[in-house]
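Participant:
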Amino acid sequence: MGALLLTVFAIWRAGIGADFGDGTHVVALAMRMAQGDMPLADEMNLQALGSLPAVPFTWVWLSTVGVDGIVLASRLWYVALALLAGVLGYRALRTGFGPVGSFVAVTLMMLPTPYSLLVTSYNTVPVLGLALATCTAFAAWRVRSGRWAALSGVALALTALAHPAMVPPAMVLLAMVVVVGRGPVARGVLTGALGTALVIVVAVALGPGVGALGETLRYTAEYQSARLTAFERLTLSAEMHRNGLLVWRNVPALLLAVAAGLPWTSQRWRALLATGSVVALSIAVVGASLQQPPTEELLLGSVAAALVVLAAVLLLPFLVTARDLGEDRLRVLLVLTAPTAVVGFVAVSLVSSASAKWGVAAAPVQPLFGAAALVVLLFVARHHVRAVALLAALALLGSLVVVHPMRSFRDVQPHRLDGRVEDGPLAGLLTHEAYLQEDCELRAAVRDWVDPDDSVFFWAAPAGYVYADAPMSTHNIWVADFGAASAAGVEWMTRTDRWPDVAFVHAGALASAGGWEALAARDPVIARLDAHYGEPTEVDGFVVLRRDGGVRADGPAPQGC
């Protein structure tokens, strides 16, 4: 029943909110690979690897339906993947725990997603992969099963493939499994991980090639060189989480967490205080979300994954001082999750340019949160009546379910959304008036300027690619004002003879870049378009150029506009 309710919730949540950045970018990546382009060789972006699990579904959808509704369909595909991972994780934990505890732990591990986006991506696949690897590793240790261990190894390899920043925490978890399991468990996890890694290496060598990987890494380092250093990113992430935890409305949660860790606190009260701390944090976050705190604050209420990091921190005093953990099953679960959380948080924070408020560093911490909550619930059940433990479980899950939809990525709160998109790739999504208008502008621009056999290029507008099932003539779907680094785009388009038939330049980003002439002076791709394409034509939201020099008249408003 709980799984059914969560599935219904996830399906409802999938239709809430639209965006023209990360949420559509990863769908466009899957579309590109479904069209036949290769990651690394064509799409010079490591983030494309996280969209690989969505490619088969995307190919089927494009072949049968087209682009209409593809964003919502992609979100529902992720819900299906999460349900599968959740079922496997639940069955794995059931080898050592009861149904309620296993369900709560798996849900806490897998429900929150970075950006609160339910879509297959380099951010969300690690959430499922690392949680599944943890649960199956526990099952392998519990029943001495090489099969469970092999599944854990496969999940670890796929997690590392989806997001290279997950390699360190995946390696830590692999080492923990080998040390804790030994024997058939160690052989199983190594076989699964190394076997899958070998398949990945062969696929890269025979597909895009090792040289393409090197070029992608070089290009990525070049265009990110002007951004924050790795240490600055880590420092900023740590400061945002610290400041987010220390705001005045979190004082009750902090006091309860401290009380749970005091040496003279009885074991009977430790778990209740720890549970109360997490619930108090959730209540504070919900209140903050309703009041719309300043955008520079760590918006815990807008992204449940950011809440998970701080909730795990609040549980640490209890975990450190708790005695009488009982059977080794709890110790093993904490050994599998705690080192992975610490190393993973650091690794992801070092490489991510995204703000910590979007919960990007939560994926490696979520298994620890699930494990810690399970320990707390078992303590409550042991030292109090089971009904109290059940209430604690409902409080943990309920607070998370309430927080999750409070604000969707780059959109407003659900109760402030104006209407659903009626047609096109965003069809079925509930969003606000400004995005409804932007969707209409994009649909109109693509319809008026792109012919059936045309290829397209979008500058600083990755969402544009989902609006036309057309070849994507670019070395990177999300290109922007990267300066000299964009020479890689000229080289790719020239080498592959794939200069776009139509080029769209986002008007807002163009203005921020100083205008057309200033951008053309420093961006090699824009300079080539300026020299060899027709006159830039202004339409709503874009400047458009055609390779044949043609200019198109505006058509009627799209459906629903």
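Here the working numbering is used: the first residue of the sequence shown is 52, the next is one more, and so on.
Don't be surprised by glycine CBs; every beta carbon is placed ideally from N, CA and C.
Is T316 helix, strand or coil by DSSP?
Facilitator: It is coil, neither helix nor strand.
Participant: Do you know offhand how far Y245's Cα is from A564's?
Facilitator: One point to set straight first is that residue 245 is Leu, not Tyr, in the sequence displayed. Each residue's alpha carbon lies about 46 Å from the other.
Participant: Does DSSP put T271 in a helix, a strand or coil?
Facilitator: helix
Participant: Do V394 and A220 have their beta-carbon atoms positioned less than 8 Å apart in this structure?
Facilitator: A quick correction: the sequence has Pro, not Ala, at residue 220. In contact: P220 and V394 (Cβ atoms closer than 8 Å).
Participant: Can you list, in chain order, the residues of its chain with a C-beta nearer than 8 Å to that of R238? Leave out the 5 residues immediately preceding and following it.
Facilitator: G197, A200
Participant: Taking the alpha-carbon of L570 as reference, which of F533, A389, V155, S450 has the nearest alpha-carbon?
Facilitator: F533
Participant: Report the rounded CA-to-CA distance for E586 versus L241, giving the unit in angstroms.
Facilitator: 58 Å
Participant: Quick check: the segment 432-451 against the segment 139-159, are at least 3 beta-carbon pairs closer than 8 Å?
Facilitator: yes
Participant: Is the distance from the Cβ of C186 to the Cβ of L224 below 8 Å?
Facilitator: no
Participant: Please check the pair M523 and D70, which I expect to be a contact at CB under 8 Å, by giving their CB distance rounded to whole angstroms.
Facilitator: So it is not a contact: roughly 19 Å between Cβ atoms.
Participant: Tell me the residue span of the beta strand (DSSP E) that contains A554.
Facilitator: 553-557
Participant: Closest to A478 by C-alpha separation, out of R126, L561, S102, would be which residue?
Facilitator: R126
Participant: DSSP three-state call for R95: helix, strand or coil?
Facilitator: As written in the sequence, residue 95 is Met, which differs from the Arg given in the question. DSSP places M95 in coil when its eight states are reduced to three.
Participant: Kindly identify the DSSP beta-bridge partner or partners of P90.
Facilitator: E94
Participant: Where does F533 sit, in a helix, a strand or coil, going by DSSP?
Facilitator: coil
Participant: Specify the secondary structure class of G470 as computed by DSSP and reduced to three states.
Facilitator: strand
Participant: Mind checking whether G72 and R461 have CB atoms under 8 Å apart?
Facilitator: yes
Participant: Ignore the nearest five residues each way along the sequence and tell me which others in A331's own chain have a CB closer than 7 Å to its CB.
Facilitator: P303, A304, L307
Participant: Have a look at the DSSP bridge pairing and note the partners of V602.
Facilitator: Beta-bridge pairing links V602 to no other residue.
Participant: Among Q318, V416, E378, which has the Cα closest to the Cα of T391?
Facilitator: V416
Participant: Within the continuous alpha helix (DSSP H) that includes R380, where are the two ends?
Facilitator: It spans 379-402 - the alpha helix (DSSP H) in which R380 sits, taken as one unbroken run.
Participant: According to DSSP, simplified to helix, strand and coil, what is I334?
Facilitator: helix
Participant: Look at the alpha carbon of A562 and the alpha carbon of F593, and state the distance between them as a whole number of angstroms.
Facilitator: The alpha-carbon atoms of A562 and F593 are separated by roughly 11 Å.
Participant: Which complete alpha helix (DSSP H) runs does the segment 91-146 hold, if anything under 4 residues is left out?
Facilitator: 106-115, 121-144
Participant: Just the Cα atoms here: how many angstroms apart are W128 and G327?
Facilitator: About 35 Å.
Participant: What are the residues that DSSP puts in a beta bridge with E589?
Facilitator: V594
Participant: Bridge partners of W510, per DSSP?
Facilitator: V556
Participant: What does the Cβ neighbour count give for T482, buried or exposed, with the cut at 16 atoms within 10 Å?
Facilitator: Counting Cβ neighbours within 10 Å, T482 comes out buried, since at least 16 surround it.
Participant: To the nearest angstrom, report how far apart P235 and A514 are at their CA atoms.
Facilitator: Linking P235 to A514 through their CA atoms gives a straight-line distance of about 47 Å.
Participant: Would you kindly work out how many angstroms separate the C-alpha atoms of L181 and A536, rounded to a whole number?
Facilitator: 34 Å
Participant: Alpha carbon to alpha carbon, how far is G74 from V472? Give it in angstroms, no decimals.
Facilitator: 15 Å
Participant: I believe V359 touches F420 by the beta-carbon criterion, under 8 Å. Please report the beta-carbon distance rounded to the nearest angstrom.
Facilitator: 5 Å
Participant: What's the call for W315, buried or exposed, on a 16-neighbour Cβ count within 10 Å?
Facilitator: exposed
Participant: Compute the Euclidean distance between the alpha carbons of V178 and G606, then round it to the nearest angstrom.
Facilitator: 44 Å
Participant: Please report the distance separating the alpha-carbon of A339 from that of Q464.
Facilitator: 12 Å
Participant: In angstroms with no decimal places, state the Cα-to-Cα distance between T588 and L113.
Facilitator: 30 Å
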